[in-house]
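Taking it in order: structure first as structure tokens, then the write-up.
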Amino acid sequence: MDDDRTKPVPNLQTDDVHQERVRAAFDDLGVKLGDRPTPEARASIENLRAAVLEKDVARLRGQLDDMKEKHGWLWEELSAHPRVAAIVNELALMGL
Numbered sequence: 003m004d005d006d007r008t009k010p011v012p013n014l015q016t017d018d019v020h021q022e023r024v025r026a027a028f029d030d031l032g033v034k035l036g037d038r039p040t041p042e043a044r045a046s047i048e049n050l051r052a053a054v055l056e057k058d059v060a061r062l063r064g065q066l067d068d069m070k071e072k073h074g075w076l077w078e079e080l081s082a083h084p085r086v087a088a089i090v091n092e093l094a095l096m097g098l
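As structure tokens, this is what we get:
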């Protein structure tokens with residue numbers, strides 16, 4: 003008898019799919035933000051995007067903390083953006 007409970011759960015999202023989701027979400031966030039971010043805030047967004055693309059949770063946490071401390075309004079925009087917030091939450095829940 004084949005017991006499905008003992009089989010590893012397949013990775014339902016390939017790296018290519020993950021990268022495309024991240025790029026699309028952050029591109030959409032960039033459009034929403036327009037010209038408001040300063041160069042420093044833009045660098046924070048790009049660093050956060052890179053951490054999410056690489057699934058680097060330690061770096062992700064550091065970037066989120068940094069953004070929250072230095073760019074409170076940007077943190078609020080990020081948290082309110084459904085696609086970006088969903089991806090960040092998924093990574094946090096998976097403990098990646």
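Using my numbering, you'd call the opening residue of the sequence shown number 3 and step up by one each time.
Glycine residues also receive a C-beta, built at the ideal position from the N, C-alpha and C atoms.
Please read all numbers here as calculations on a predicted model, not as lab measurements.
Linking Thr40 to Val24 through their CA atoms gives a straight-line distance of about 22 Å. With 16 or more other CB atoms across the displayed protein chains lying within 10 angstroms of its CB, Glu79 is buried. Contact check for Leu62 against Leu31 fails: the beta carbons are separated by 8 Å or more. The Cβ atoms of Leu66 and Leu50 sit closer than 8 Å to each other.
For His20, the uninterrupted alpha helix (DSSP H) run begins and ends at Asp17 to Leu35, by DSSP.
DSSP places Glu71 within a helical segment (H, G or I) once states are collapsed to three. For Pro84, the uninterrupted alpha helix (DSSP H) segment begins and ends at Pro84 to Met96. Residue Ile47 holds the alpha-carbon nearest to the alpha-carbon of Val33 among Ala60, Ile47 and Glu42. Here Ala53 is buried. Its C-beta has 16 or more other C-beta atoms within 10 Å.
Where Pro41 is concerned, the enclosing alpha helix (DSSP H) starts and stops at Pro41 to Leu55.
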